[in-house]
Structures are given as structure tokens and as C-alpha cells.
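UniProt numbering puts the last residue of the sequence shown at 564; the count rises by one with no breaks.
Backbone N, C-alpha and C fix where the C-beta goes; we use that ideal spot for every residue, glycine too.
Here is the structure we will look at.
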Amino acid sequence: MASTLSLAPRKRQHILTIAGSDSGGGAGIQADLKTIEAFGCYGSSVLTGLTAQNTKGVQAVHEVPTDFVIKQFRSVLSDEPPACIKLGMLTNASIIRALAAELKDLDTINVLDPVMISTSGHTLLPEDAIEALKDLYPSIDYFTPNIPEAIRLSGFSPKSSSSSDLTLREMVTLAKETNIKTGAFTVLLKGGHASVSREEVLAYKGQFPILWEEGDEESDAIEVLSLYKKYTQIPEHQKGLVVDILVNQGEIQAMYVGKKVDSKNTHGTGCTLSTAIACAYATESREGPGDWNFRMFKRAISYTQSAIASSFPFGQGHGPLNHGHLSVKRALPPPTKHNPHPFLSHLIQSNLPLWNSYVKHPFVVQLGKGTLPRECFEHYIKQDYHYLKHYARAHALGAYKANSFVDIKAFTDIAGHIARESEMHVSYCESFGISLKELEAAPEASPCAAYARYVIDIGTQGDILDLYMAVASCLVGYGEVGLWLKSQVEKGEAKLEGNLYKRWMEDYSGADFLRAVERGIENLERRVAEDPPNEARLARLTAIWHECVRLESAFWDMGLNLIK
Ligand SMILES: Cc1ncc(COP(=O)(O)O)c(N)n1
1 MASTLSLAPR KRQHILTIAG SDSGGGAGIQ ADLKTIEAFG CYGSSVLTGL
51 TAQNTKGVQA VHEVPTDFVI KQFRSVLSDE PPACIKLGML TNASIIRALA
101 AELKDLDTIN VLDPVMISTS GHTLLPEDAI EALKDLYPSI DYFTPNIPEA
151 IRLSGFSPKS SSSSDLTLRE MVTLAKETNI KTGAFTVLLK GGHASVSREE
201 VLAYKGQFPI LWEEGDEESD AIEVLSLYKK YTQIPEHQKG LVVDILVNQG
251 EIQAMYVGKK VDSKNTHGTG CTLSTAIACA YATESREGPG DWNFRMFKRA
301 ISYTQSAIAS SFPFGQGHGP LNHGHLSVKR ALPPPTKHNP HPFLSHLIQS
351 NLPLWNSYVK HPFVVQLGKG TLPRECFEHY IKQDYHYLKH YARAHALGAY
401 KANSFVDIKA FTDIAGHIAR ESEMHVSYCE SFGISLKELE AAPEASPCAA
451 YARYVIDIGT QGDILDLYMA VASCLVGYGE VGLWLKSQVE KGEAKLEGNL
501 YKRWMEDYSG ADFLRAVERG IENLERRVAE DPPNEARLAR LTAIWHECVR
551 LESAFWDMGL NLIK
């Protein structure tokens, strides 16, 4: 007997957007409805104006007559009241005043994005309409101006001549002034036009919650990461942070801090964020840890940032955001000009304490100071010689498993480099009176055998990316250790002169080795970009990385404690 499948209809939160149409599809009603859909809400719309617009600019605006705007509004409301209303481009003073009268007695939650000038520079709200906004403010719960809009609306004139030069201190004053002058209940000053340093943000520590983007917490790992950035060539200005400031009744409630996403595809960002706030307000659970109000802003901001970061090429000007990114979530962001190594960034940041304890291991610290007992180094260098042989073999296995000359060359190049690296081990041993024959005959210690077995095991059982993964932490880690020691020398915390381990330190921070590190990183990123991993695959790769970093640390332990 056939059975019918009945799916209990789940109620969707109703979000109404009152805005203009963007024929290009990137901003206005079109961006709003896409955002509402992405949040799993139901979107209705009241149009205030039609724009002939594309990514390059606004060519014309056709105003909807005020009485027709109100007809649309009443039609929607008389049928199904919305949980939240988002207001965007309101076109003229007459429409604003009529809407203010309608909203006055409603108890909906209203979010206003004061669309005044388009990204392309077109005026979308005339002066008298800006004045009329005053009638609307008493009904506004959340108000989301950007810096130029807040300057215009608050009358506050910062010292900095352009929005991009504003200091965080000026932005804080601007946010408070905007809140006080407009009387809107809560203001979120969007800081996207400015670029703020970590130090400026940390000056506010302890005064109110500072909500950092995931994986970018302040931590002592920054020092190590900055070194890693040095040889992965991420430009300096990636340090630029975007800070959005939340103010209520003239008091700062929170700051949202994220890395500036470098993209020209920002058309519709304001529309998207304000609608995302309406959706997040309607759907955020009031239970759970922390303040739900902070959570819902964070969700809206993260959604918008990811939509910019994952945007695709469209049109010749400022392209649109990728509103559908939640449904086609990638486990890793794609490489961009300013984050060319998203995979390596993910790996290092996935367990920073583990990575730090490996890079700054006491063995490394003592080696840098020259205080490491010679017998410890001797034990280590003999074992590392054995390890290098396994490590070179693992690369040869990679070349064997490879199906393209690009991969064959990648593995054999590094195998050749490892053979050259071993000459340093031979010469250190010679200087300790250990002949090559004695070195070859030295028994292998268990931490060396354990690490080698793991790498070869992954190489034989897994596929070629697994193998790339298993050999990566040793290569990247030694480059990082070399650079970290170099910086310690510059600070006077480590020394080269009179240090028995000078050659070791110089070799691992030298151009030849760092070139091999860079090649290794490029290979890894290339493989991942060619075949982006899903969540499960990424978790497996990350687990291999963690295990190798742990085994690397155990290798230092072996040297320090003379483990056989
Ligand atoms: C219909 C409409 N609404 C809003 C904007 C602002 O968006 P942006 O500042 O990204 O150009 C726009 N250009 N067009």
C-alpha cells in the first residue's frame, strides 16, 4: 500500500523589505530577497522606486507614487504581518513621511539602512528627504549607517579628511553622536570604509565585549603567524581590520572586528547587512550562551562578510555579493590576492597552541641560545639523518603515486633538496668525530621510527593529497623555526656568533631552504584548489597535520631527553 509522506509545514519568519529595485540584481530589493531566502525566511516587498542600474552605475531612477507605495504596504500588512521590516532606498521625502505615519503605531521591529549614495557615487536620496528621515527615526529599532552617512546625519566632523583615514577613536565618537542625534534606538556604525589596527581595538579591551571574527582571536600566536606570513608573502596591509560599532542610548555595547575582505564586489553590502540583521533578529534563539542580541549581529555580519569573500565575477564594475554561500558552503575559502594560502592558514590556525609548542619548543629555544647540551644535539642530528632518509623516500613514494608531471616534479625536487640537506647532518657529525659509517650504523630511536612509520603509512594507505599533508608540517615547521630563531637573534634572545648550532640556524632560515618551503606550500594549495575538500575530507587532512606536528614535537623531546 502506498503511503503518503506528509511534511509538517514549518512557519517561516516573514520579513518585509521596503526598498528600491536594482535592475542589475546586486542591491536593493533583489539583494534583500536573496538574503531573506538565504536565512530561511519569507520575503515580501514594497517598492519605492525603480532604478536602471548595473554594476557600473545608476543610469535613471523612476519614483513610485507615494500613494502606490502605501497601497503596497497596506496590502502586505493586512494579509500577513511581518516579524521585521527592513527599509532601504526610500526615494523621496513624501514617501518617507507617509511611511513614518504608517509605522508609528505598528509594533514590528524596523531596521533602517539610510541609502543615500550608491557605491558607484549616484545620489539616491535628495537633501529634503534626508531631513524627512527625522520623522522616521522614532520608529527605528536598528539603524545601520556607514561612515559617510553617519557623518552627514550626525553633523560630527572628524579630523580625518577621508573616511578611510578615520581612527577608531573618531569612529567611536561618530557612532555615539549618530545615536544621540538621530534618536534611533540602536545604531550599528558600519566601519567598512576605514581600516583599523589591532592595537586601536585592544585599547578598548575590558570596556565592552569585543567580538572577533572566528580564528582571529588575539593570542600569542600572532608573532609566529606574522613570520609565517613573511614567507608566504601576504602583504602587510592584511592587518587592516574592519570594526563595526554597536551603540545604544549613547553607550557603546560591542565592537565587531574582522579582517578586511579585499574585493571590489561590494555592491549591495549595506542592503545585505541590514536585511541580514532583520532576518537574524527574527530567527536567533533567545536561549543559549551569551547575549542573543550580540549573537544575532555577529551572524548578520559574518553572513555579509562571507558573501563578499565568496563573491564571483559579474559585470564590469562593482560586482554583487554571493548571497547563496550558506547553501553551497565550502569547507575552505578560495584563495584571494590577500589570502593566497587559505589551506595553510586553516591548518596553522586549527590548533595554534600545538603549533606554537612545536615551533617554540625548549629544544629550539636552547639551540638558539647555544645552551643546548652537545650530546642532545648529537643524538638529535643522528636521528634526524635517519628521519631524512625516510622523509626523502616518502617523497619518492609521492612521485611514484603521482599521475602528473607537475606532481612528479614537485616530489622529486623536494627529495633532491632533502638529499642536500643531509650533507649538513654528515658534516656536523664529522665535526663531532662521528664518521659517515658510524652515522649510518647508529640505532634508530623510537620517536624517529614512530614518525617515519606514520608518514610512510599515510603515504601508502592514503591518496596523494594525504601524502602531501603528511610531509608538510616538517617542511613548513622547519622554515618557521628557522625564521623564528632569526627574529630571536635580532631581538638578542638568541645568538649566532660563538653558537655551535650556527650552521643549523642559518641553513633553516636560508634562502635555499625557504624556497623549498614555499614550493611545498604552493603544491599543497594547488592540490586543494584543484579539488576543494568537503568538511569530512578537510577534517581528515587536518587530523594528519595535527598528528605530524605532535610527532615533530616528540622528536624535539627525544633530543632533549636523549630518548632511545
Ligand atoms: C535600489 C538600490 N538600493 C540601494 C543601493 C545602494 O547599494 P550600494 O551602496 O551598494 O550601491 C543601490 N545602489 N540601489
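Proximal residues to residue i (C-beta, below 8 Å), its chain only, five neighbours per side dropped
| i | result |
| --- | --- |
| V201 | L168, I210, L241, V243, M255 and V257 |
| S160 | L166, T167 and E170 |
| I563 | A445, S446, P447 and D557 |
| T123 | M116 and I117 |
| G482 | M505, D507, Y508, S509, G510, F513 and L514 |
| V549 | N351, L354, W355, Y358, S473 and G477 |
| E217 | Confidence in E217 is poor, its pLDDT being 49 and thus under 50, which makes the residue's placement too unreliable to answer from. |
Cβ shell of residue i (< 7 Å), same chain only, five flanking positions each side left out
| i | result |
| --- | --- |
| T542 | L347 and S350 |
| A307 | T272, L321, N322, H323 and H325 |
| K260 | S195, G240, L241 and V242 |
| I464 | G398, K401, A402 and D407 |
Own chain, CB closer than 6 Å to residue i, minus 5 neighbours either side, in chain order
| i | result |
| --- | --- |
| M424 | D507 |
| T111 | Looking at the sequence shown, residue 111 is not Thr but Val. The residues are K86, Y142, S274, I277 and A278. |
| R393 | none |
| Y137 | T182, G183 and A184 |
| K34 | H323 |
| A554 | P447 |
CB contact flag (residue i, residue j, <9 Å)
| i | j | result |
| --- | --- | --- |
| G121 | V61 | no |
| I96 | T275 | no |
| L246 | F294 | yes |
| Y142 | I109 | yes |
| A282 | Q13 | yes |
| L326 | A450 | no |
| K190 | E251 | no |
| T91 | A129 | yes |
| L332 | L538 | yes |
| V364 | L496 | no |
| A442 | Q488 | no |
| A98 | S139 | no |
| G88 | D107 | no |
| R540 | D466 | yes |
Selected residue, minimal CA-CA separation from residue i, among the options
| i | options | result |
| --- | --- | --- |
| V172 | A150, K259, I456 and T119 | A150 |
| T182 | S195, K134 and G206 | K134 |
| G24 | P320, P126 and S306 | P320 |
| L524 | I563, L439 and P335 | P335 |
| E440 | V58, G268, Y387 and G479 | Y387 |
| V76 | G43, L538 and C271 | G43 |
| A309 | V517, L500, H323 and E535 | H323 |
| T269 | E284, G290, I301 and D128 | I301 |
| W545 | G492, L344 and G479 | L344 |
| S422 | P138, R74, L436 and L125 | L436 |
| N248 | L465, T144, S163 and Q488 | T144 |
| G433 | G370, E378, G398 and H417 | E378 |
| V517 | G492, Y468, K491 and K502 | Y468 |
| G317 | S197, A280 and N265 | N265 |
| E102 | P114, D67 and D113 | D67 |
| R420 | K389, A410, G398 and N339 | K389 |
| G459 | A399, I414 and E493 | A399 |
| F312 | G26, I18 and K11 | G26 |
| P340 | D262, S431, H395 and V471 | D262 |
Extent of the continuous beta strand (DSSP E) to which residue i belongs
| i | result |
| --- | --- |
| L87 | C84 to L87 |
| V58 | G57 to E63 |
| H341 | Segment: none, H341 is in no beta strand (DSSP E) and carries neither H nor E. |
| L189 | T186 to L189 |
| K259 | E251 to K259 |
| residue 568 | For residue 568 there is no data in the structure shown, the boundaries of the chain being 1 and 564. |
| S302 | Premise fails: S302 lies in the alpha helix (DSSP H), W292 to A309, not in any beta strand (DSSP E). |
| A470 | Not the beta strand (DSSP E): A470 falls in the alpha helix (DSSP H), residues I464 to E490. |
| L21 | The sequence shown places Ser at residue 21, rather than the Leu named in the question. First-last of the beta strand (DSSP E) with S21: H14 to D22. |
| D244 | L241 to N248 |
| I210 | I210 to W212 |
For residue i, the first and last residue of its enclosing alpha helix (DSSP H)
| i | result |
| --- | --- |
| D531 | D531 -> no alpha helix (DSSP H), and no H or E assigned at all. |
| P316 | Residue identity check: residue 316 is Gln in the sequence provided, not Pro. Unbroken run through Q316: none, as it is neither H nor E. |
| M116 | Unbroken run through M116: none, as it is neither H nor E. |
| Q53 | Counting along the chain, Q53 falls outside any alpha helix (DSSP H), though it belongs to the beta strand (DSSP E) covering Y42 to N54. |
| I563 | Neither: I563 is in no alpha helix (DSSP H) and is coded neither H nor E. |
| G28 | G28 to A38 |
| Y281 | T269 to T283 |
Chain C contact for residue i (CB, 9 Å cutoff)
| i | result |
| --- | --- |
| I434 | Looking at the structure shown, chain C is missing, and only one protein chain is on hand. |
Where in the stretch 397-457 do unbroken runs of the alpha helix (DSSP H), each at least 4 residues long, occur, reported from the N-terminal end onward?
-> 405-431 and 436-441
Output the residue ranges of the beta strand (DSSP E) runs that lie fully inside the stretch 77-164 and measure 3 residues or longer, sorted by chain position.
-> 84-87 and 109-112
In chain order, each alpha helix (DSSP H) run of at least 4 residues that lies wholly inside the stretch 356-405 | 362-369 and 374-401
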